[in-house]
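Working notes for the structure below.
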Amino acid sequence: MPGESMPGAPSARDAGPRIATLSAVLLSAVRLSAVLRSAVLLLGAMACTTAPPPRPAPAQSRSVATGDVAAPVTGAAHPTRVSGATRQSGAVRRVGIALSAATTTGSLSATGEWRLYEADGDRLLVRGTGRGAWTVTRRGGKVRVSSRDGLTATRAGTLVAEPAAPDSYLTWNGKPYRGAIEITSTSNGLLVVNRLSVEDYVRGVVSLELGTVGPADSAAMQAQAVAARSYTYTRLNDPDIPPEGRRYDLVATVTDQVYGGVSGESAVGNAAVASTTGIVITYAGRVVNAPYHASCGGTTAEPEEVWRASPEPYLQRVSDQIPGTDHYYCEGSSRFRWARTFSRAQVTTALEQNLRQYAVSGTTGGGSGGGTPSDSHASGPVGSVRTVVVDALTPSGRVAWITITTDRASYRVRGNDIRFVFRLPRGEILNSTYFLIEDEPMHDGRLESLSLRGRGNGHGVGMCQWGAIGRARAGQDFQTILQTYYPGTALAHEE
Ligand SMILES: [Zn+2]
Numbered sequence: 493m494p495g496e497s498m499p500g501a502p503s504a505r506d507a508g509p510r511i512a513t514l515s516a517v518l519l520s521a522v523r524l525s526a527v528l529r530s531a532v533l534l535l536g537a538m539a540c541t542t543a544p545p546p547r548p549a550p551a552q553s554r555s556v557a558t559g560d561v562a563a564p565v566t567g568a569a570h571p572t573r574v575s576g577a578t579r580q581s582g583a584v585r586r587v588g589i590a591l592s593a594a595t596t597t598g599s600l601s602a603t604g605e606w607r608l609y610e611a612d613g614d615r616l617l618v619r620g621t622g623r624g625a626w627t628v629t630r631r632g633g634k635v636r637v638s639s640r641d642g643l644t645a646t647r648a649g650t651l652v653a654e655p656a657a658p659d660s661y662l663t664w665n666g667k668p669y670r671g672a673i674e675i676t677s678t679s680n681g682l683l684v685v686n687r688l689s690v691e692d693y694v695r696g697v698v699s700l701e702l703g704t705v706g707p708a709d710s711a712a713m714q715a716q717a718v719a720a721r722s723y724t725y726t727r728l729n730d731p732d733i734p735p736e737g738r739r740y741d742l743v744a745t746v747t748d749q750v751y752g753g754v755s756g757e758s759a760v761g762n763a764a765v766a767s768t769t770g771i772v773i774t775y776a777g778r779v780v781n782a783p784y785h786a787s788c789g790g791t792t793a794e795p796e797e798v799w800r801a802s803p804e805p806y807l808q809r810v811s812d813q814i815p816g817t818d819h820y821y822c823e824g825s826s827r828f829r830w831a832r833t834f835s836r837a838q839v840t841t842a843l844e845q846n847l848r849q850y851a852v853s854g855t856t857g858g859g860s861g862g863g864t865p866s867d868s869h870a871s872g873p874v875g876s877v878r879t880v881v882v883d884a885l886t887p888s889g890r891v892a893w894i895t896i897t898t899d900r901a902s903y904r905v906r907g908n909d910i911r912f913v914f915r916l917p918r919g920e921i922l923n924s925t926y927f928l929i930e931d932e933p934m935h936d937g938r939l940e941s942l943s944l945r946g947r948g949n950g951h952g953v954g955m956c957q958w959g960a961i962g963r964a965r966a967g968q969d970f971q972t973i974l975q976t977y978y979p980g981t982a983l984a985h986e987e
């Protein structure tokens, strides 16, 4: 009878020698009744009559740079490494996606039969059927799993869950994921990593990154799949991160690419991934990072216009204007044009929270910014805002620098950082740096409100996703779309 049952209990399928660990002895009291229940939790060095599936290989991990999607930010947080366990790559390249790095508890199950192993030692811990979820918690440096029936096991090291039936998906907190799930206790909490093939990963990305689109937009979805796959391989192939040093490769958020597992997939997205299997974007023979963004607002940007990054020959400014018209391919975006007004209180709140982190220079003396350079602006309130001024525009018309002057100091903020400086608590960052500041009402020398009129959504570099949709609807294929946004590149199959 399938289901969840007691640790260590030899079932009809699990007879064999067992090391009588202390925990196994303590648990033996409840074992007899539990053995009649469905899944079997095997403790200690119990051998199984059925050989467990192939073992995971050592894994890799790192933290990744913060920033926009696929942002090649230089000078951002450098990846750190920890050792751990992962699955060996075979013919199919696999990728580890951190679903959570600092949770303290979660729920593990599956849509069908599944298994839980200790990564170190090939030992089977749980035979699950998917009919009941197991609670996973952190206990010091160990991972504890417990069933609804009160069965528990606590282990150091990484635990690896795998589906055991062809159409079964593991679930973490109720969400289904293809591939395996690895759980490790770290100093930050539970690190939960979904390890799966690159192709399956891209399936869970494209529809969340591009949105739900119809069959008429298939070419845009195919372009999105190739761009997302290329970004993934640049991370996997990053020579600065030794394979043995990784516990995961990417995170499941906008920091890398938004990933939602099976529930993030769509029929159009899966078809686009399948029809472009293995295809990546290359320049001069190497796979390239392929940044993309929601809407360029009319013209894409070169990397150095928004990031502290070097120019790339394949990331050039591209006009999204439809030839012979005054329309744009990305007009379908709700943020193709936008307006935003901050009250004085909102400006103050945002700046107090963010400004010191992003300002690259400041002067004391107030007002004009002509005072003596000083670090005194680095602590205490940023002051009462007097003016926000655009100092310079980039070649595509985006804001290169702004100066914010308060009664305490002047602060300069550059490029994409400006979007983060005006982020309100629990709010979004500014849509783009492609904006103008409207007249600033003043009262008693203080800014009363700040109104921006802007274009586009996102950093503006590389492929414009709404532009890709507009081009697909105009009949362009995905190769043409990618050639447009990444000029000079070629398509190749990643081996
Ligand atoms: Zn565009």
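Residue numbers (our numbering): 493 to 987. Even glycine gets a Cβ: it sits at the ideal position worked out from N, Cα and C.
Any non-hydrogen atom of ligand 1 closer than 7 Å to residue i Cβ
| i | result |
| --- | --- |
| Asp812 | yes |
| Gly620 | no |
| Gly946 | no |
| Gly889 | no |
| Trp958 | yes |
| Ser924 | no |
| Ser826 | no |
| Tyr775 | no |
| Tyr820 | yes |
| Ser601 | no |
| Ser679 | no |
| Ser787 | yes |
Pairwise C-alpha distance: residue j and residue i
| i | j | result |
| --- | --- | --- |
| Glu605 | Pro655 | 6 Å |
| Arg890 | Gly789 | 10 Å |
| Arg640 | Trp626 | 7 Å |
| Ile961 | Gly967 | 10 Å |
| Gly598 | Gln971 | 42 Å |
| Pro873 | Glu844 | 7 Å |
| Gln552 | Ile589 | At Gln552 the pLDDT is 32, less than 50, meaning the model places this residue with poor confidence; the figure from the coordinates comes in the next sentence. Their backbone Cα atoms lie some 11 Å apart in a straight line. |
| Val882 | Thr769 | 45 Å |
| Pro731 | Ala763 | 32 Å |
| Leu591 | Leu922 | 26 Å |
| Thr704 | Ala720 | 16 Å |
| Val685 | Arg739 | 8 Å |
| Val637 | Gly737 | 26 Å |
| Leu944 | Trp830 | 8 Å |
Which of helix, strand or coil DSSP assigns to residue i
| i | result |
| --- | --- |
| Leu939 | strand |
| Ile733 | coil |
| Glu654 | strand |
| Ile961 | helix |
| Ser902 | strand |
| Ile973 | helix |
| Pro668 | strand |
| Gln845 | helix |
| Val953 | strand |
| Ser679 | coil |
| Leu916 | coil |
| Leu928 | strand |
| Asp883 | strand |
| Val584 | coil |
| Ala543 | Residue placement at Ala543 cannot be trusted, given a pLDDT of 33 that sits under 50; the coordinates are not used to answer. |
| Gln838 | helix |
| Ala851 | coil |
| Ala776 | coil |
| Gly696 | helix |
Where residue i falls, given that 16 or more other Cβ within 10 Å makes a residue buried
| i | result |
| --- | --- |
| Ala964 | buried |
| Val697 | buried |
| Glu930 | exposed |
| Ala653 | buried |
| Leu928 | exposed |
| Pro795 | buried |
| His951 | buried |
| Gly937 | exposed |
| Asp812 | buried |
| Glu940 | exposed |
| Pro887 | exposed |
| Asn680 | exposed |
| Pro783 | buried |
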